[in-house]
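Undergrad: Chain order of the listed sequences is A and F.
Position one of the first sequence corresponds to residue 93 (the working numbering), numbered consecutively onward.
Position one of the second sequence corresponds to residue 93 (the working numbering), numbered consecutively onward.
Don't be surprised by glycine CBs; every beta carbon is placed ideally from N, CA and C.
Everything numeric in this text was worked out from a predicted model, so none of it was measured.
Quick one: this structure, given as C-alpha cells, is what I'll be asking you about.
2 protein chains.
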Amino acid sequence: MSATIRDVARASGVHASTVSRAFSTPHMVNPETRGRVLATAEQMGYRPNRVARALITGRTHNLGLIVADIANPFFPPLIKASESYARQRDYHLFIADTDEDPVVEEDLVQTLAKQVDGVLLCSPRMSNGLIDRVRRDVPLVVINRVVAGLPTVVMDVGQGAREAIEHLTALGHRDIALLAGPRGSWTNREIRRAANAVSRVGGVRLTVLGPHAPTERAGAGAAVPIRRLGVTAVLAYNDLMAIGLIDGLFTLGVRVPDDVSVIGIDDIGLSRMIRPRLTTVATPTAAAGRAAIDMLLQHGDDRHTTAHVTLQTTLVVRDSTGPGPYLAAAADASRPLSRSARHASFA
Amino acid sequence: MSATIRDVARASGVHASTVSRAFSTPHMVNPETRGRVLATAEQMGYRPNRVARALITGRTHNLGLIVADIANPFFPPLIKASESYARQRDYHLFIADTDEDPVVEEDLVQTLAKQVDGVLLCSPRMSNGLIDRVRRDVPLVVINRVVAGLPTVVMDVGQGAREAIEHLTALGHRDIALLAGPRGSWTNREIRRAANAVSRVGGVRLTVLGPHAPTERAGAGAAVPIRRLGVTAVLAYNDLMAIGLIDGLFTLGVRVPDDVSVIGIDDIGLSRMIRPRLTTVATPTAAAGRAAIDMLLQHGDDRHTTAHVTLQTTLVVRDSTGPGPYLAAAADASRPLSRSARHASFA
DNA sequence: AGCCCTTAAGCAAGCGCTTTCCTGGAGGAT
DNA sequence: ATCCTCCAGGAAAGCGCTTGCTTAAGGGCT
C-alpha cells in the first residue's frame, strides 16, 4: 500500500509528529528539517491521508451539494461554479440528487453529515421543521429559499418578475398569464407575489395558472389553456417551461412573439440557442454557489449566524417578446421596430 | 457532539464491539441483543461514522467522478444516473470538473485517491502514461476512451456515425462534411474513421473540417466554410456543434433541412426542443455511468481485470435531415413524404 | 556560572470504529 | 460426569493522523 506518515518519518530520520507538523504547521519545524522531510515525502509519493486527518481534526475538507435534479439545466452551472470555487480552497464536493423527494433529502443530509464540513441545500423541498432538525447534525446553507435562523442565499426573482411584467406592459400587454411552478417552491411564491403587486399598479389583468412541475412538458401542456385564456403575454416560472410553452403554442399555430409574448426565468444556456431566442430573467446561479460556499467556510460550526445574501437578477430582452395590442398607449415601449424586424426573419 | 458507538454501548449495557457488530455483521449477534442495541441507537440518533469506518476498513464507500465540463449538457445525465445508481448501493459521489485540463485531472485523482474506492474518468485528456501512473493510486474506470489494460466503457459512436452517413446517402446526399471535434478525443477519431470507411463504400465525397472545440460557437463558426464547400449534408461531432451550425446557417440564409441536412451526436435534451428538431445519434450516457459504477464496484481493488463494455448507439431521425439532390437514385430513402410534410410546417 | 526562555522535536494518547483473539457458558455426545 | 463444540460477547489492538505535554539543547542575561 501507499506510504504512511511513519514511513516518511523513518526514511527521513525524524518522528512521525515532525512529519505531521512539516505538513500541517510548517512554522513549527526547523526549515532545514522541513525541507528534508518534504523532499523524502515527495520522493516516496506520500500524501497525507485526508480520511485519517478528518477523523482526528473533525474537519473533512469536504462539502455536500444537494440539488433537486442534476439534469435540470438550471443546476449544472451552479454545480460547476461551486465545485471549482470549493476546490480552489482545497475542498472537495459531494453531489447528490434528490429527485425532488424530501425524504431522500433528509436521509442524504444525515448520512453525509459526518463526512462533510457543511451542506449546500439548493431549493430544498423539506419542511422547515425537518430542516431545523437536520441542521443540528451539520452546518447548512440554503440556496433559493429563506429559512428563518439559517444562512441563506437567494436570487431576487421578485425584482426580476417585476421587471418582466413592466417590460410586457411597456410593450402594450394588458392580459398576462403567470405559469406557476411547483407547489412549495419559495421562488414560485416570490414570483407570484411580485407579479401580482406590479400588475395591480400597472392596470394589468394577471391570471395565474398552476401549480406545474418545472419541466418543458408542463410548459407545453399549458399551451391549450393559455390560448383559451386569450392572454397576449406569459411569464413562466422558468425557462424550461417557457420553452415548452413556445413549442406547444407553435404546434397550435400560435406564434411567438407575434401572437403571444413569452418570458422565462433563469437564462439557462439553452435559451440563447432556441428560436425565437428567449427573453428571460437571468439569475446569477454561479455567484450564488460561490456565495453559499463562502458562508459555509466562514461561519463553519457557528450555528447562530444567519447571514442573508440576496443576489440581483436582470431582465435579458431577446426575441420572444414583442409589441402587444395596447402598444400605442405605452409611450416608452422599447425597441418595437428592431423587434418586428427581427421577427420578420422568421417568415 | 453526536453519539459514538461507546455511548450506545453504555446505554444498552453491552460492549462497543457488540454495537459495531449489530450494525456491520448482524448475524454475529443474538437477535434479542441486536434489537435492543439498534433500538437505543435509533433513539439516540446514532449513525455509524463513515469516516472512522473508512479509516479502519480501507473502504470509504465513496466514488469519484471526474468530467471535463459539468456545464456541457452531455454530462449531467451521466452524473445524475451515476449518482443515483451509486447511492442505491450506499455509495456517495464526489464530482469534479477539470475544465479540460490534464494537470487538474491528475491532481484531482491523486487527492481523491485516498478518500474514494474508485474513480470514474470521463473522456480524460491525460496522456496514457499519466493514466498508467495514477492508476496505481486508485482503481480507475474510463468512460469514452479506450485505454489498454484498464476497464473501460465506451459508446459505439463509430456505429452511430456509420448509420448517420447511411441515412444521409439514403436520402440522396453525396457531398457530406464532417465537423470534427477536439484533437485528442478518442470519440472524434472513432467517428472520423467510421465515417471515412462508410463513405468510401457508398460513393460519398466526405470532407473533414476541423479540429474544433466541442461548442455551439465552434459550430456556428463553421457555417461559412460549410456553405463555401457546397456540401448538402453535415455530420457534427456533437449536438452542441450541430445546433450552433444550424444557427449559423440560418443567419446566412441557408435553411435546414431544405438546403442542408445536419446530424448531431449525443442526443442531449436540447436537441428535442429546438426547431428543427435535431436528427442525431443517441448515446446511452446514463447506462454508461451505471456500467462504469458496476465495474468499479465489482472489480474493486483488483488492478488486473480489464473488462471492456461497448454500448450501442442509435440514430434518432428527426427534422434536421431531409432529401438531397440524388434522392431519385436512392431506392430506399426513408420517409421522404412525411419529411417534406413536416418541413412544410416551417414555412 | 547559574538561570530562564525559546525553539525544535520526541512521546504518547486518542479520534470512532472494526476485527482478531479470547473467555464463559450452554448444549450435545460419549 | 467429562469432554468437546459452538455461540455470544468482551478485551484490546490499531487504521493514519494530530496535538498537548515533555524534554533537550542552545542562547542571552544577570
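#1: Taking DSSP's pairing of strands, which residues face F186(F) in a bridge?
#2: How far does the beta strand (DSSP E) with G323(F) in it extend, from its first residue to its last?
#3: Applying a beta-carbon distance threshold of less than 7 Å, which residues of chain A neighbour N141(F)?
#4: Alpha carbon to alpha carbon, how far is Y183(F) from T203(A)? Give it in angstroms, no decimals.
#5: Can you tell me the Cβ-Cβ gap for I385(A) and L213(A), rounded? I've got them flagged as a contact below 8 Å.
#6: Mapping the DSSP letters down to three states, classify H435(F) as helix, strand or coil.
#7: Quick one: which unbroken alpha helix (DSSP H) runs of 4-plus residues sit fully inside the stretch 317–388 of chain A? Chain order, please.
#8: Taking R254(F) as the reference, give the member of V234(F), H396(F), R237(F) and A289(F) with the closest Cα.
#9: Could you round the C-beta distance between L327(F) and T307(F) to whole angstroms and report it? I think they count as a contact, below 8 Å.
#10: Can you tell me whether A286(F) is helix, strand or coil according to DSSP?
#11: Measuring only between beta-carbons, confirm whether A146(F) sits less than 8 Å from chain A.
#12: Give the interface partners of L344(F) over in chain A, defined as CB-CB distance under 9 Å, in chain order.
#13: In chain A, which residues lie with their C-beta within 9 Å of the C-beta of E308(F)?
#14: Does any residue of chain F have a CB that is nearer than 8 Å to the CB of F186(A)?
#15: Where does G410(F) fall in DSSP's three states?
#16: Measuring alpha carbon to alpha carbon, tell me which residue in R228(F), R284(F) and R151(F) is nearest E198(F).
#17: Per DSSP, what kind of secondary structure is V300(A) in: helix, strand or coil?
#18: Which bits of chain F does D411(A) rub up against, with CB to CB less than 9 Å?
#19: Identify which residue in H153(F), D189(F) and L370(F) has its Cα closest to the Cα of A411(F).
#20: With burial defined as no fewer than 16 other Cβ atoms inside 10 Å of the residue's Cβ, what is the status of E124(A): buried or exposed?
#21: Determine the closest residue to G340(F) out of G150(F), V316(F) and A101(F), with distance taken between C-alpha atoms.
#22: Between the Cα of V230(A) and those of R320(A), R145(A), R151(A) and L170(A), spot the shortest distance and give me the residue it belongs to.
#23: Tell me which residue opens and which closes the alpha helix (DSSP H) that V249(A) is part of.
#24: Would D331(A) pass as an interface residue toward chain F - the criterion being a Cβ-Cβ separation below 8 Å?
#25: I'd like the list of long-range same chain contacts for T377(F), defined as Cβ closer than 6 Å, with 5 residues on each side in sequence excluded.
#26: For A380(F), collect the residues of the same chain with a Cβ closer than 7 Å to its Cβ; drop the 5 residues on either side in sequence, then sort them by chain order.
#27: For a contact meaning CB atoms closer than 7 Å, what does D193(F) contact in chain A?
#28: Once the 5 residues before and after V408(A) are set aside, which same chain residues still bring their CB inside 7 Å of it?
#29: What's the C-alpha gap between G276(F) and S219(F)?
#30: Does any CB atom of chain F fall closer than 8 Å to the CB of R179(A)?
#31: 8 Å is my cut-off, CB to CB: does I171(A) come that close to chain F?
#32: Please report the straight-line C-alpha distance between A399(F) and Q180(F), rounded to a whole angstrom.
#33: Go through its chain and collect everything with a Cβ distance to A103(F)'s Cβ below 8 Å, but skip five positions before and after it.
#34: Quick check on DSSP: helix, strand or coil for L242(A)?
#35: Expressed to the nearest angstrom, what Euclidean distance is found between the alpha-carbon atoms of S426(F) and T190(F)?
#36: From this set, I257(F), F167(F), I148(F) and A256(F), which residue's C-alpha is nearest L216(F)'s C-alpha?
TA: Per the coordinate set shown:
#1: F186(A) and G156(F)
#2: Checking the displayed sequence, the identity of residue 323(F) turns out to be Val instead of Gly. V323(F) -> no beta strand (DSSP E), and no H or E assigned at all.
#3: K206
#4: 10 Å
#5: Not really, about 13 Å apart at Cβ, beyond 8 Å.
#6: Below a pLDDT of 50, predicted positions are generally treated as unreliable, and H435(F), at 39, falls in that range; the measurement from the model is reported next regardless. DSSP places H435(F) in helix when its eight states are reduced to three.
#7: 331–343 and 362–365
#8: A289(F)
#9: The pair is not a contact, with the Cβ atoms about 17 Å apart (cut-off 8 Å).
#10: helix
#11: yes
#12: In chain order: nothing, as chain A lies at least about 12 Å away.
#13: G361, R364 and M365
#14: yes
#15: Note that residue 410(F) is Arg in the sequence shown here, rather than Gly. Coil.
#16: R228(F)
#17: strand
#18: Per Cβ cutoff of 9 Å: no residues; D411(A) is ~13 Å from chain F at best.
#19: First, the residue type needs correcting, since residue 411(F) is Asp and not Ala in the sequence shown. Among H153(F), D189(F) and L370(F), the Cα nearest to that of D411(F) is on L370(F).
#20: exposed
#21: V316(F)
#22: R151(A)
#23: V249 to A262
#24: no
#25: P169 and L170
#26: L170, I235, V245, M247 and L403
#27: In chain order: nothing, as chain A lies at least about 11 Å away.
#28: D359, T371, T372 and A374
#29: 9 Å
#30: yes
#31: yes
#32: 23 Å
#33: T132 and M136
#34: coil
#35: With a pLDDT of 47 at S426(F), under the threshold of 50, the modelled position of that residue is not reliable, and no figure is offered here.
#36: According to the sequence displayed, residue 216(F) carries Pro and not Leu. Nearest option by C-alpha distance: F167(F).
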